[in-house]
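Residue numbering for the sequence shown is 27 to 412, as defined by the UniProt record's numbering.
Cβ coordinates follow ideal geometry from the N, Cα and C atoms, glycine included.
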Amino acid sequence: TKSLKETIEEVIPVKQAHLKKLKTEYSDVSIGDVKVGSVIGGMRGLRAMLWDSSVLDPEEGIRFHGLSIPDVQRALPAAPGGKEIIAESMLWLLLTGQVPSAEQTRELSRELAQKGNLPTSVASLIDSLPKTLHPMTQLGIGVAALNHDSSFQAAPCNYSKMLGYGDNHDLTEYLRLYISIHGDHEGGNASAHTAHLVGSTLSDPYLSYAAALFALAGPLHGLANQEVLRWQLSMLREVGEEVSHDTIREYLWKTLKSGQVVPGYGHGVLRNPDPRFIALQEFCESKPELLNSPIIQLVKKTYEVAPDVLKEHGKTKNPYPNVDAASGCVLYHYGLTEFKYYTVIFGVSRALGCVTQLVWARALGLPLERPKSYSLEAIEQLAKSG
Ligand code: CMX
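Next up, the structure:
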């Protein structure tokens, strides 16, 4: 059986040749317009990045090397004794475009675990930080400090054990699914793009990935899962467990009328329910214990009502749930009740996509990112001159 390194060695020349062909044959071909709306609107929809491992379709959601979430759930090996995909098999797929065998996945898990010891200096650094410092800041500082040492590892293996939940098989399975499907979401989202930009300066993987974590820590991005839980719990406290759809509808309107967004709903690109949300919902439906949980029942009922309310509200381009609408509530049910920690799990998972792209950026010799910027006056001049 081939190792990950041997497989990548085979794949790289093929991709390099493909890039060379694009460069030689198509460098002058235009694949889109740059509209003023994109320049002043956070580069929304601008076709401006190469990101080979995953593509986000507004209607059907993410595909990893062409495989949808149900496809990867069917194709990728599960952990021994489990049913859910493990992160190592997703890392293999992202890096190589190929589905690993169970044996290859186990070998990669072993290798990552062997390389996964934390240097004592980093452990002491983290211990010296104030306990009240947000866990995302602690994670970013810890990862950045790892650049002192050489070997990079994205080891999410044994993560459940490290968190002290090793005996909880269902939570371990949930974390496997969670980490695998949060790993990559094409290149333009804030965390992935940050890792790519910082990496394009040849900054090392620790610093590039640490930068991505700080982008993920924002409430419009990864922090949303913590916000969703806070919001659903206060709804639960106010409306109680036996709540009707009408009461939820009223609560949603109250949130919107107070000028807040409905957390966990809407997306910069997606225009349908996020298939990652659906995969997590299906996980809940496969476990009777989760189906009886008041917070998970509330997430489900909210999903039955919120899209219509958001459509009527009329602002958001996507009235459907994103992945954050469900993810934190399941962790909460299983007893992982430190809200602030949730984005850390998302961050651990994002290592998969960020590291994959750093490998590919180096393998393909991609250049320093340096888009052109313009002042408001200059944009107006450019727009007037057509
Ligand atoms: N509730 C209420 N209003 C919403 C909304 C929501 N869930 N989502 C978007 N809107 C509003 C926007 O605030 C915006 O209003 P203004 O015109 O007054 O500024 C309008 O609808 C248009 O926004 P959009 O183009 O549909 O959405 P954006 O691409 O600007 O923003 C996102 C996308 C995710 C930041 C936004 O939908 C949001 O704030 N959602 C709630 C927070 C959340 O769930 N974030 C997690 C995203 C997933 C992730 O990256 O991890």
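Inter-segment contact for the region 71-82 and the region 192-202 is absent: fewer than three beta-carbon pairs are separated by less than 8 Å.
Counting the other CB atoms within 10 Å of its CB gives residue 267 a total below 16, which places it among the exposed residues. A residue is called buried once 16 or more other Cβ atoms fall within 10 Å of its Cβ, and residue 368 is buried on that count.
Collapsing the DSSP output to three states places residue 111 in a strand.
Relative to the ligand CMX, the nearest heavy atom lies less than 7 Å away from the CB of residue 344.
Residue pairing of residue 167 in beta bridges, as defined by DSSP: absent, with no partner found. With a cut-off of 7 Å, the C-beta of residue 289 is classified as near the ligand CMX, since at least one heavy atom of the ligand falls inside that distance.
Here the region 127-145 makes no contact with the region 227-241; the two share fewer than three CB pairs at distances below 8 Å.
Distances between the C-beta of residue 246 and the heavy atoms of the ligand CMX include at least one below 7 Å. Closest in C-alpha terms to residue 132, from the list 183, 362 and 258, comes 183.
Note on geometry: alpha-carbon atoms of residue 50 and residue 42 lie some 12 Å from one another.
Counting along the chain, residue 81 sits inside the beta strand (DSSP E) bounded by residues 80-83.
Assigned with DSSP and collapsed to three states, residue 347 falls in strand.
When DSSP states are grouped into helix, strand and coil, residue 93 belongs to the strand group.
Check the Cα spacing between residue 328 and each of 307, 343, 315 and 162: the tightest is with 307.
At least one heavy atom of the ligand CMX sits closer than 7 Å to the Cβ of residue 341.
Sequence-distant partners of residue 226 (beyond 5 residues in either direction) whose C-beta falls short of 6 Å from its own C-beta, in its chain, are 394 and 395.
Within the region 305-355, no run of beta strand (DSSP E) at least 3 residues long lies entirely inside it.
The beta carbon of residue 289 sits closer than 6 Å to the beta carbons of 250, 253, 254 and 257 from its chain, once the five residues preceding and following it are set aside; these are given in chain order. Comparing alpha carbon positions, the residue from 82, 280 and 402 closest to residue 218 is 82.
Secondary structure note for residue 380: its alpha helix (DSSP H) is the uninterrupted segment 368-389. Residue 229: not part of any alpha helix (DSSP H); DSSP gives it neither H nor E. The residue among 330, 331 and 345 with its C-alpha nearest the C-alpha of residue 337 is 345.
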